[in-house]
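Notes to accompany the following structure.
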Amino acid sequence: MRDVNNPVSIAQLEMLEFLKHLFRLQFLLIVAAVLTGVYYNQLINWITNKAGDPASESLAVSYENSQALSSGEQLFTRDELAKFNGENGTPIYLAIIGTVFDVSKGIKHYGPGCSYNFFAGRDASVSFINGEFESYDVGKADDVISLKSNDLLSLENWQQFYRKEYKYKGKLIGRFYDEKGEPTHYHWKYLALLEQAKTAKAQAEQLREVYPDCNIEWSEERGTRVWCTKSSGGKQREWVGYPRKLFEVGASNFRCACIQEKDLDTTDVMLKQYDDCGLRAYECYYKVD
Ligand code: HEM
1009 MRDVNNPVSI AQLEMLEFLK HLFRLQFLLI VAAVLTGVYY NQLINWITNK
1059 AGDPASESLA VSYENSQALS SGEQLFTRDE LAKFNGENGT PIYLAIIGTV
1109 FDVSKGIKHY GPGCSYNFFA GRDASVSFIN GEFESYDVGK ADDVISLKSN
1159 DLLSLENWQQ FYRKEYKYKG KLIGRFYDEK GEPTHYHWKY LALLEQAKTA
1209 KAQAEQLREV YPDCNIEWSE ERGTRVWCTK SSGGKQREWV GYPRKLFEVG
1259 ASNFRCACIQ EKDLDTTDVM LKQYDDCGLR AYECYYKVD
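Under our numbering, read the sequence shown as residues 1009 to 1297, first letter to last.
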């Protein structure tokens, strides 16, 4: 029983009550913090998937199915990725070289019925190069090894574009990543070829300093005309030069290069004179059949 005549003990009791409230509040906060930590992913998925929407519910299942790596990246099977195709308001994911991106914000490009919907829910890396958006062959769509050197570089540019513009989600199990999310033998091969392509490009750039591009124009009656100036190929210089065909290693076609007077009698196998065009001719004409 309280001694009402003792003000000190009343103050003590009130303080005790206050501390009890504080303790309860703290306890609730700790429980809330622990629960938030444990169910963080589910909470985020629930918020982003608009709970109650049947399409979102089916996606919540696939989120659980696709594994998450310790890095936070998700691992998708081909079937899991296929669900993210924008149908019924689902998010839109696409893969390029085995890396998965959320392209939902680009719905005007990738949404159902839009120009680039073909890429939704799959890895169709090769189509970024050949522009084939009609038929999808599971066996070939991401088989990039046989692409030409420059095409490998273009494909890498596309991948960088997605890294910059869209949210990276994870990896697709298959040609480029195994079930643990580790790069496959094929992936290493691709990276080696990409490295070669970069080296070849750097060498070609260096060669352009020595043998700059010619100017080119075309007319129906005379065909292609090539000629050099002191700034052709975008390289400012003191000399004009003479047009030659230059066959670079790995290139599928020749380019027109300007060579200096001192190189006129070169034995460089990469350089060839144009047919019916003199040693010191300033311009040459040719027709492609
Ligand atoms: C290999 C062929 C091609 C591929 C793989 C391709 C791919 C793409 C992709 C993936 C996008 C969406 C980019 C994004 O997420 O913002 C896009 C946008 C676009 N593409 Fe293509 N495209 C190709 C050829 C063409 C051609 C030939 C044209 C024009 C005749 C064209 C015109 C456009 C335009 C206008 C946009 C929209 C740009 C914007 O609104 O920001 N594309 N393309």
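For glycine and all other residues, C-beta sits at the position ideal for the given N, C-alpha and C.
Shortest Cα-Cα distance from Glu1229 to any of Pro1099, Ser1123, Tyr1294 involves Tyr1294. Scanning the segment 1089 to 1146 for uninterrupted alpha helix (DSSP H) segments of 4 residues or longer gives 1115 to 1118, 1135 to 1138, listed from N- to C-terminal end. The beta carbon of Asp1276 lies closer than 7 angstroms to none in the same chain, with the five residues before and after it left out. Fewer than three beta-carbon pairs drawn from the segment 1180 to 1188 and the segment 1207 to 1218 are found closer than 8 angstroms, and the two stretches are therefore not classed as touching.
Leu1279 sits away from Arg1245, with the two beta carbons spaced by 8 angstroms or more. The C-alpha of Asp1283 lies about 26 angstroms from the C-alpha of Lys1243. Going by beta carbons, Gln1082 and Lys1188 fall outside the 8 angstroms limit. Looking at the DSSP output, Cys1266 shares a beta bridge with Pro1251. For Ser1154, the shortest separation between its Cβ and any heavy atom of the ligand HEM does not lie below 7 angstroms. Residue Cys1264 holds the alpha-carbon nearest to the alpha-carbon of Trp1235 among Ala1205, Cys1264, Thr1192. Look at Ser1135: its beta carbon is less than 7 angstroms from one of the heavy atoms in the ligand HEM. Not one heavy atom of the ligand HEM is found less than 7 angstroms from the C-beta of Glu1164. Using a cutoff of 7 angstroms, the CB of Glu1095 does not count as near the ligand HEM, since none of the ligand's heavy atoms is closer than that. Excluding its 5 nearest sequence neighbours in each direction, Phe1255 has C-beta neighbours in its own chain below 6 angstroms: Phe1262, Met1278, listed in chain order.
Taking all protein chains in view, the Cβ of Asn1096 is surrounded by fewer than 16 other Cβ atoms within 10 Å, so the residue is classified as exposed. The segment 1158 to 1171 and the segment 1191 to 1209 touch, with no fewer than 3 CB-CB distances between them shorter than 8 angstroms. Beta-bridge partners assigned by DSSP to Ser1227: Gly1231. Taking Ser1079 as reference, the option from Gln1211, Leu1089, Lys1179 with the minimal CA-CA separation is Lys1179. DSSP, reduced to helix, strand and coil, places Gln1281 outside both helices and strands of the structure shown, so it counts as coil. Set against 7 angstroms, the gap from the CB of Gly1129 to the closest heavy atom of the ligand HEM is not smaller. In the assembly as shown, Ile1105 is a buried residue. Its beta-carbon has 16 or more other beta-carbons within 10 Å. The beta carbon of Thr1192 is closer than 7 angstroms to those of Arg1183, Phe1184, Tyr1185, Asp1186 in its chain, skipping five residues each way along the sequence.
Beta-bridge partners of Glu1291 (DSSP): Trp1235.
Within the same chain, Cβ atoms closer than 8 angstroms to the Cβ of Asp1150 are found at Ala1103, Ile1105, Gly1106, Asp1131, Ala1132, Ser1133, Val1134, Gly1182, Arg1183, Phe1184, the five residues on either side in sequence being excluded.
At least one heavy atom of the ligand HEM falls within 7 angstroms of the beta-carbon of His1117. Contact between Val1146 and Tyr1198 is absent: CB atoms are separated by about 18 angstroms, not below the 8 angstroms threshold.
Exclusion of the five residues before and after His1195 leaves Phe1184 as the residues of its chain whose Cβ lies within less than 6 angstroms of its Cβ. One alpha carbon belongs to Gly1231, the other to Arg1171, and they sit about 43 angstroms apart. In the three-state reduction of the DSSP assignment, Leu1160 falls in the helix class, which pools H, G and I. When DSSP states are grouped into helix, strand and coil, Gln1244 belongs to the coil group.
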